[in-house]
Amino acid sequence: MTAPVSSAASRAAVCPGDPDTFALEMIKLINDKEFSDIRFTVGEERQTIYAHKCLLAARCEVFRAMFATSEQAVTEDNEPDPLVLSEVQPNIFLALLEFIYTNCCSLSTDMVIDVLAASIEYGLDGLTKLCVRFMRESIAVDTVCEFTQVSS
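Letter by letter, the sequence shown follows residues 356 to 507 of the working numbering.
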């Protein structure tokens, strides 16, 4: 007969792995057709972008609600029709996906205002905070003018 396990020994502890490795592995999934289960047609250019419903729904309530209520039509080749997001530019949507997949985002001064607006629209509070922090850290005479022009 074995001794009973003490309650202290049976407690679980969260032991995080390396977040950089995780992000590098997850970024490979962004806009990768293989294993994706949803397509978006994005921007005026109508660029096709591939994604994974389970990741989008897990990290974004807007996508969760969108997927819960949408019944996608199926094309002739038995693939779901893409969801059309004509109001967001592809590079901005890809930045949103980067944050959703990796909890990180590559930002630049010429796109941060648009990413900020999209993060608010999609309810991604963590991305909103990243954008605000990036803008605060990027403030200089030329960027203030740039941010003011873009936000007008």
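For glycine and all other residues, C-beta sits at the position ideal for the given N, C-alpha and C.
The structure presented is a predicted model; accordingly, all values stated were derived computationally and were not measured.
Measuring alpha carbon to alpha carbon, tell me which of the options ends up nearest residue i.
i      : options                        : result
CYS409 : SER391, GLY478, ASN446, LEU449 : SER391
ALA473 : ASP465, THR376, ALA450         : ALA450
GLU389 : PRO374, ASP375, ALA406         : ALA406
Counting C-beta neighbours from all protein chains within 10 Å, is the total for residue i 16 or more, i.e. buried, or is it exposed?
i      : result
CYS415 : buried
ARG394 : buried
ILE494 : exposed
ILE468 : buried
VAL443 : buried
ILE455 : buried
ILE385 : buried
Suppose you measure from the CA of residue i to the CA of residue j; what does that come to, to the nearest Å?
i      : j      : result
SER461 : GLU453 : 8 Å
ASP480 : ILE447 : 16 Å
GLU434 : LEU379 : 29 Å
MET466 : PHE489 : 11 Å
ALA423 : VAL496 : 46 Å
TYR477 : ASP436 : 21 Å
LEU485 : GLY372 : 22 Å
SER365 : PRO374 : 26 Å
Going by beta carbon distance, what residues of the same chain come within less than 8 Å of residue i, once the five residues before and after it are set aside?
i      : result
PRO445 : VAL397, GLY398, GLU400, GLN402, ILE404
PHE307 : Residue 307 falls outside the range modelled here, since the chain spans only 356 to 507, and no answer is possible.
Less than 7 Å between C-beta atoms, sequence neighbours within five positions excluded: which residues of the same chain meet that for residue i?
i      : result
PHE418 : LEU411, ALA412
ASP387 : TYR405
ILE475 : THR483
Could I get the ranges of all uninterrupted alpha helix (DSSP H) runs contained in the stretch 403-469, with 4 residues as the minimum, in chain order?
List check, alpha helix (DSSP H) in window: 408-414, 416-424, 445-457.
Which runs of the alpha helix (DSSP H) fall wholly inside the stretch 366-392 and span at least 4 residues, in chain order?
Counting only runs of 4+ residues, the alpha helix (DSSP H) found wholly inside the stretch 366-392 occupies 374-382, in chain order.
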